[in-house]
Amino acid sequence: MTQWLAQVGELPILLLMGALGVVMLFDAVPLLGVLIPGDVAILAAVGVGRPTTGLATFAAVLAGCLAGWSLSFLVGRRYAERLRHSRVGDWIGEARWSAAEGILRRGGGRMMVVAPFLPVFNALLPLAAGGLRMSYRRFLGCATVGAAAWAGLYLALGTASRSLAGLLPGEPSPLLVTMGVGLVLASVVLLGARRRLFAVAG
């Protein structure tokens with residue numbers, strides 16, 4: 347798999363970033379977001395990429411997230427109640443749906459800033475925001491800040507982890523070190539952040 351990803355890293359930058367943007371779009375869609383490891387995709391892009399791809403990676407992640415969230419928001423605006431009582435709503439679960447609405451009612455649009463850091467809810471909050479008739483302008487502004495913060499965090503962690511690979515003995519794979527160390531560091535950072543955010547939302 348490492349060899350295959352290394353070959354992926356040799357693809358033209360536009361093609362590579364386009365694929366990353368599509369992954370981020372799917373990561374932002376309810377149900378699909380659970381199956382698509384967006385954080386792993388970003389770290390892999392950093393691991394197989396070149397030093398000059400940082401800004402392009404950031405732009406691809408931001409565009410993909412906002413496209414996916416905007417789609418979910420518009421679907422929620424038009425079909426929220428129908429979806430909630432459909433099979434899709436059963437898969438999501440009434441408890442999660444109610445929790446997402448509660449988070450938005452207590453925290454308002456600013457909760458979209460922290461949405462990327464909340465597993466499952468990162469894809470559900472835009473859908474609930476549409477159903478609650480939140481202003482799209484407000485939603486998009488907060489979502490942009492949140493997506494930028496999330497992308498920036500993983501890019502920073504991935505870049506630091508990739509740099510660490512050059513300092514380790516035995517010349518380990520930069521890709522594996524980037525993904526492994528990046529995920530460990532991200533887990534520590536995000537776990538603390540999620541606890542504080544849920545405490546505030548509660």
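Converting from the sequence shown to the numbering used here requires adding 346 to each position, the first position being numbered 1. All residues carry an ideal CB built from backbone N, CA and C; glycine is no exception. Everything numeric in this text was worked out from a predicted model, so none of it was measured.
Count the other CB atoms, across all protein chains shown, that sit within 10 Å of the CB of D436; report buried if there are 16 or more and exposed otherwise. exposed
Relative to the alpha-carbon of M457, which residue among V434, G487, A497, R428 has its alpha-carbon at the smallest distance? G487
Validate contact between the stretch 416-433 and the stretch 495-504 using beta carbons, cut 8 Å, 3 pairs: no
Which ranges would you report for the alpha helix (DSSP H) in the stretch 426-476 if only whole runs of at least 4 residues count? 433-438, 440-453, 457-460
With M363 as the anchor, note down where its alpha helix (DSSP H) starts and where it stops. 359-373
Would DSSP call R484 helix, strand or coil? helix
With C-beta atoms as the reference, is P376 less than 7 Å away from L473? yes
With 16 other Cβ atoms within 10 Å as the buried cut-off, status of L361: exposed
Evaluate S507 with the Cβ neighbour count: other Cβ atoms within 10 Å of its Cβ, from every protein chain shown; 16 or more gives buried, anything less gives exposed. buried
What does the Cβ neighbour count give for L401, buried or exposed, with the cut at 16 atoms within 10 Å? exposed
DSSP state of L478, grouped into three classes? coil
Contact belief for A461 with G492 at Cβ below 8 Å, rounded distance in angstroms: 5 Å
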